[in-house]
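Input: a single structure, listed below in C-alpha cells.
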Amino acid sequence: MNASQDSPSGDSAERKPYDDEIDVHGLTHVGKIRKENQDHFLICSLKKQLDVFQTSLADPEALQGTDERIAFLAMVADGVGGGPKGEEASRLTVGGVTQYVAESMHAYYAADPDDPDGFVRSLAEAAQRCTADLRKRGEEDPSSLDMATTLSLWIGLWPRAYLLQVGDSRYYMLRNGELTQVSRDQTIAQELVDQGVFSQTSTEELPWSNVLSSAIGGSQTNPVVTRIDNDWNTVHLLCSDGLTKHVSDARIKERLVHMSNAREVCEQLLQDALDGGGTDNITLIVGRTHQRGP
546 MNASQDSPSG
556 DSAERKPYDD
566 EIDVHGLTHV
576 GKIRKENQDH
586 FLICSLKKQL
596 DVFQTSLADP
606 EALQGTDERI
616 AFLAMVADGV
626 GGGPKGEEAS
636 RLTVGGVTQY
646 VAESMHAYYA
656 ADPDDPDGFV
666 RSLAEAAQRC
676 TADLRKRGEE
686 DPSSLDMATT
696 LSLWIGLWPR
706 AYLLQVGDSR
716 YYMLRNGELT
726 QVSRDQTIAQ
736 ELVDQGVFSQ
746 TSTEELPWSN
756 VLSSAIGGSQ
766 TNPVVTRIDN
776 DWNTVHLLCS
786 DGLTKHVSDA
796 RIKERLVHMS
806 NAREVCEQLL
816 QDALDGGGTD
826 NITLIVGRTH
836 QRGP
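Here it is, written out as C-alpha cells:
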C-alpha cells in the first residue's frame, strides 16, 4: 500500500526540515478505568554522530556538534496480556525495535539499487525479531508467557516516510484537509469484514473488535510496511485504540485541521477521549513540519 501526493513546489521542497521546524508532541494517560498504563511511546531522531579521534585543529569540539539528522522516528505500542505483562511487552518492544531500526538504517543508505525493497524487509524483520525476543523471555520466565503488544512505528527519511504496523494501534495523516487512516486494524473483526462476513465499514461495534489477529509476541506476527510520500503540509497522528474508541475520525480531523501546535492538539484529543469515557489507556503522537524560512 502506498499513500502519495505531489510534493510542494519551490526550493523548500528540495531540502529536509531543520530540527526546529519539526513540531511534534506525544503523551500517554492511564485513562479513567484502568489501574495501570500498558502503553508506551517514543519520539527520537537518528543522527550520524561525528566523533573526532585526532586532529591538528585547535577546536575539535566545534566539529562534533555538526552531526546531521538522518531520520526521525516515532512509535506507539499498546501492551496486551494483562497487568505487568502488557506494560513489559510494550516497553521492551519500544526499546528493542529502536535498536533494530537504527541497524536497519545501514540497509537504507547502502541499499542495492536493484533491490529497492531491502529496507522494507529490514523493517519487517525488526518486528519479527521483537516477537522472537518476547517469546524467548516467556520461555525463560513463565511469568512472562503470552505477553504481547501492538506497534505502530513511523520513520521519516525526507521526503519519504515508512510505516511499520502490527496490531490495531493506528496511523492517520491529514493532507489537504483530508484525514486518511493509512494503517489497517489487525483484528478478528477487520479480518471478517475483509472476508465479506460482515458488511460494516466500521468495526468498533462488531464482535471480536478488540481481539488481535496479529501482535508483537503473539501467535501471529504479520508486520505491514507502507511507504508514504511526505511533505511540508502533512500532519501525522499515531495513537493507541484508547483514543479511537471514544473519539471519532470526524472529531480527529476537526482537531488537526484547526491545530495551532502539536502539544495543544494532543492535549485536546486526550481530553476528548477522557470526556468520551476513557475506558482504556490513551497514547498519541502528533507531528508536522513547520517551515520557518527558505
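The numbering of the sequence shown is the numbering used here, which starts it at 546 and goes up by one.
Just so you know, even glycine gets a beta-carbon here, dropped at the ideal spot from N, CA and C.
Beta carbon of alanine 622 nearer than 8 Å to that of aspartate 584: Yes, Cβ-Cβ distance for alanine 622 and aspartate 584 is below 8 Å.
Bounding residues of the alpha helix (DSSP H) (the contiguous stretch that carries glycine 663): Residues 663-685.
Distance CB(alanine 672)-CB(threonine 732) smaller than 8 Å: Taking 8 Å as the Cβ cut-off, alanine 672 and threonine 732 do not qualify as a contacting pair.
Buried or exposed (CB count within 10 angstroms, at least 16 for buried), glutamate 632: Its Cβ being crowded by 16 or more others within 10 Å, glutamate 632 is buried.
Serine 667 versus methionine 620: straight-line alpha-carbon distance, rounded: So the two alpha carbons sit approximately 17 Å from each other.
Residues sharing a beta bridge with isoleucine 588, DSSP: Partner(s): Ala619.
Span of the alpha helix (DSSP H), counted from its first residue to its last, around glutamate 799: Run containing glutamate 799: 794-802, per the alpha helix (DSSP H) assignment.
Residue nearest to glutamine 644 in terms of C-alpha spacing, selected from Lys630, Arg674 and Pro629: For the residues Lys630, Arg674 and Pro629, the minimum Cα distance to glutamine 644 belongs to Arg674.
Length of the line joining the Cα atoms of lysine 521 and glycine 832: Any question about residue 521 goes unanswered here, given that the chain covers just 546 to 839.
Contact under 8 Å by Cβ, threonine 694 with alanine 760: Cβ distance < 8 Å, so threonine 694 and alanine 760 count as in contact.
Simplified DSSP assignment, three categories, for aspartate 774: Correct three-state label for aspartate 774: strand.
Neighbour-count burial assignment, glutamine 740, 16 or more Cβ in a 10 Å radius: Exposed is the call here.
Three-way DSSP call (helix, strand, coil) for valine 727 in this model: DSSP, reduced to helix, strand and coil, places valine 727 outside both helices and strands of the structure shown, so it counts as coil.
Serine 689, DSSP secondary structure in three states: In the three-state reduction of the DSSP assignment, serine 689 falls in the helix class, which pools H, G and I.
Exposed unless 16 or more other CB atoms sit within 10 angstroms - verdict on asparagine 582: By the Cβ neighbour-count rule, asparagine 582 is buried, with 16 or more other Cβ atoms within 10 Å of its own.
With 16 other Cβ atoms within 10 Å as the buried cut-off, status of glycine 822: It counts as exposed.
Residue from Ala706, Thr824 and Val738 with nearest C-alpha to tyrosine 653: Ranking Ala706, Thr824 and Val738 by CA distance to the CA of tyrosine 653 puts Ala706 first.
DSSP three-state assignment for aspartate 786, whether helix, strand or coil: Helix.
Inter-residue spacing [alpha-carbon to alpha-carbon] between leucine 814 and lysine 593: Approximately 34 Å, taken between the alpha carbons.
Supposed close pair isoleucine 830, glycine 787 - CB separation, criterion 8 Å: The C-beta distance from isoleucine 830 to glycine 787 rounds to 13 Å, too long to meet the 8 Å contact threshold.
Proximity of cysteine 811 and serine 714 at Cβ, strictly below 8 Å: In this structure, the beta-carbon distance from cysteine 811 to serine 714 does not fall below 8 Å.
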